[in-house]
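A.B. asks: Each number in this note's numbering corresponds to the 1-based position in the sequence shown with 45 added.
For glycine and all other residues, C-beta sits at the position ideal for the given N, C-alpha and C.
Predicted model only: the values in this text are computed from it and were never measured.
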Amino acid sequence: MLKEYALHYYGQGYNCAESLVYGANTAWNLNLDENACHLMAGLGGGLQVGDVCGALSGAVCALSCLIVKTKAHDCAELKPLTQTVVGQVRQRLGSLRCEEIKPRLFQPERRCAATVENCADVLETVLRDAGLLPEPVNRADESAA
Numbered sequence: 046m047l048k049e050y051a052l053h054y055y056g057q058g059y060n061c062a063e064s065l066v067y068g069a070n071t072a073w074n075l076n077l078d079e080n081a082c083h084l085m086a087g088l089g090g091g092l093q094v095g096d097v098c099g100a101l102s103g104a105v106c107a108l109s110c111l112i113v114k115t116k117a118h119d120c121a122e123l124k125p126l127t128q129t130v131v132g133q134v135r136q137r138l139g140s141l142r143c144e145e146i147k148p149r150l151f152q153p154e155r156r157c158a159a160t161v162e163n164c165a166d167v168l169e170t171v172l173r174d175a176g177l178l179p180e181p182v183n184r185a186d187e188s189a190a
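1) Check whether the Cβ atoms of A100 and A62 sit closer than 9 Å, and answer yes or no.
2) Specify the secondary structure class of Q93 as computed by DSSP and reduced to three states.
3) Taking the alpha-carbon positions, what's the A158 to G103 distance?
4) When you compare the segment 137–157 with the segment 87–97, are there three or more beta-carbon pairs, one atom per stretch, that lie closer than 8 Å?
5) Taking the straight line between their C-alpha atoms, what separation do you get for T115 and A121?
6) Should N76 be labelled buried (16 or more other beta-carbon atoms within 10 Å of its own) or exposed?
7) From which residue to which residue does the alpha helix (DSSP H) around R137 run?
8) Identify the residues that DSSP records as bridge partners of R173: which are they?
9) Taking all protein chains shown into account, decide if Q133 is buried (16 or more other Cβ within 10 angstroms of its Cβ) or exposed.
10) So, L126 versus L138, is the Cβ gap smaller than 9 Å?
11) R155 bridges to which residues according to DSSP?
12) Which residue or residues does DSSP assign as beta-bridge partners of R142?
13) Please name the residue, chosen from D174, A81, G176 and N163, that lies closest to L47 on a Cα-to-Cα basis.
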């Protein structure tokens with residue numbers, strides 16, 4: 046479910062980081078308002094300089110929003126789950142750096158859609174394996190995403 050929503054937002058022109066968070070917000074009703082989602086804008090394109098993958102950053106932000114109830118230091122699951130997400134993304138994509146991932150996965154017609162798909166899939170898998178994957182929000186009109 047997350048992958049479909051993330052790709053929907055990516056297709057609407059949101060960047061990789063925004064797409065993961067907007068997708069998670071829609072799929073799992075994280076109750077993020079527009080301003081909270083705007084926080085992701087500068088993380089796209091590897092912090093706008095080709096560094097840490099924006100889709101990975103978005104996945105970790107979505108994970109944090111989902112499992113942290115007060116603050117990071119009070120959430121014992123955050124570090125191991127984040128490490129698992131990061132490790133699996135590194136294994137799948139061969140790097141954590143946008144400038145190293147793009148030459149392999151970027152396609153002119155789809156841009157970084159494959160990276161968005163992979164990061165969404167990793168996040169869902171890690172959450173499912175941990176027993177933390179939320180039930181998808183029941184939407185009367187799925188096309189409204």
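C.D. replies: Checking against the coordinates, here is how it stands:
1) yes
2) helix
3) 14 Å
4) yes
5) 12 Å
6) exposed
7) L123 to L138
8) DSSP, once it has assigned bridges, lists no residue as partnering R173.
9) buried
10) no
11) Note: R155 sits in no beta bridge, so no partner.
12) V97
13) N163
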